[in-house]
Amino acid sequence: MFKELSEVIKLIDSLELMPEEVQSLVKSEVLTTVNYQNSDYPIHAFIIGSTDLSKPTLGLFAGVHGLERVGTQVLLGFLKSFITQLEWDENLRSSLKDFRIVAIPIINPVGMKFLKRANGNGVDLMRNSPIEAQSGQRFKLYRGHRISPWLPWYRGESGKLEHEAQTLINFVKKEMLNSTVSMSLDFHSGFGLRDRLWFPYAKSTEKFHFESEVESLVNLYEKTHPHHIYKIEQQSDSYTTHGDLWDYLFFESRNLHPENLFIPWTLEMGSWSWLKKNPLQLFSKEGIFNPVIEHRYQRTMRRHYILIHFITRLMQNPKAWTKNIAISE
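Going by the numbering used here, the sequence shown opens with residue 9, and the numbers climb by one from there.
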């Protein structure tokens, strides 16, 4: 068992020692297992708060790319802190009657176990959906391709969703898309010198459907935290890709529940700054995507909690930033 999966199991085991009022609010489940080389690797999920699926919902996800361990570590750190706070914070427990948090800390357990970006079949899960990027652009391997699983960013066979991707899609459809207002935050690392917050679309430069709501919540964030560290932009401002799972899920939400609001975000932690300060990390597969030196790891673990807590507050106060959406009371 690898470190991050062990931490997930420890967190689940700790729930049994929590007071009943916490246990009633925090549930965990094994969504599925992924078989690889005659071993089974579980995909665990956490569901916190109201059982009413129409309530505002925040989804937290990590580990789509197995090499990007730091995203899973940040997410697990937040979950541990949040669940611990539930033990003594009556107001927080009470607020969970009106909103929900759902999470999958490790979407690609085989990739994380074996230090691979892709899953056990060599498929990059974030290039695996049927979404096609806008045409007319030069071929670039990183946008996604179907040449060979031996090359990075392989999309998989046309029309076939990988087991892990289908598990994520099913979970989001069940636990998030019935909500009147929902947002997801997917943790990644590896691109750029700055930490970026991306909203859709990854497929094209087309204006995002909920651009006004994005502008509203970004204005709130910049007023509340004027010295924040993020570059906030549409993902296609950096690059476009085929097969983005969050683009796919956004369009699924529009087809299934056009009356609801769903905004998927990606937090891309810029690992180039870690490489710039410690070039020796280039000689390690993990070092390219994760902070290696201890004080940089600790700083990374701290610096994103403000953002996660802010988004949590947004879900508790959806009327502060939504427009023309009927909020479930």
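Think of the CB as a built atom: it goes at the ideal place given N, C-alpha and C, for glycine as much as any other residue.
Just so you know, these numbers come straight off a predicted model, no measurement behind them.
If distances are taken between C-alpha atoms only, which option among 98, 204, 172 and 212 comes closest to residue 145?
212
May I have the straight-line CA-CA distance separating residue 34 from residue 132, to the nearest angstrom?
31 Å
Which word fits residue 323, buried or exposed, when buried means at least 16 other C-beta atoms lie within 10 angstroms of its C-beta?
buried
Which full runs of the alpha helix (DSSP H) of 4+ residues lie inside the region 204-242, going along the chain?
219-232
Taking contact to mean at least 3 C-beta pairs separated by less than 8 Å, is the region 167-184 in contact with the region 230-239?
no
Label residue 73 either buried or exposed according to how many other C-beta atoms from any shown protein chain fall within 10 Å of its C-beta, with 16 as the threshold for buried.
buried
Using the C-alpha atoms, what's the distance from residue 155 back to residue 319?
39 Å
Distance, Cα to Cα, residue 231 vs residue 206?
19 Å
Tell me the residue span of the beta strand (DSSP E) that contains residue 35.
34-44
Between residue 310 and residue 251, which are expected to be in contact by the criterion C-beta below 8 Å, what is the C-beta distance as a whole number of angstroms?
33 Å between Cβ atoms; not a contact.
Starting from residue 53, follow the beta strand (DSSP E) in both directions and report where the run begins and ends.
47-57
Report, in whole angstroms, the separation of the C-beta atoms of residue 84 and residue 16, which I expect to be a contact under 8 Å.
7 Å
Name the one or two DSSP bridge partners that residue 272 has.
192
Where does residue 252 fall in DSSP's three states?
coil
Please name the residue or residues paired with residue 67 in a DSSP beta bridge.
110 and 192
Can you tell me whether residue 150 is buried or exposed? The criterion is at least 16 other CB atoms within 10 Å of its CB, across all chains shown.
exposed
Leaving out five residues before and five after residue 26 in sequence, what residues of the same chain have Cβ atoms less than 7 Å from its Cβ?
95
Just to confirm, are residue 62 and residue 248 a CB contact at a threshold of 7 Å?
no
Opening and closing residue of the alpha helix (DSSP H) in which residue 96 lies
77-96
Unbroken alpha helix (DSSP H) run spanning residue 173, endpoints
171-183
Which residues does DSSP pair with residue 277 in a beta bridge?
197
Taking only three categories from DSSP, how would you classify residue 153?
strand
Evaluate residue 172 with the Cβ neighbour count: other Cβ atoms within 10 Å of its Cβ, from every protein chain shown; 16 or more gives buried, anything less gives exposed.
buried
Nearest neighbour of residue 142, chosen from 98, 271 and 209 [CA to CA]:
209
Pull the bridge partners of residue 162 from the DSSP assignment, please.
153
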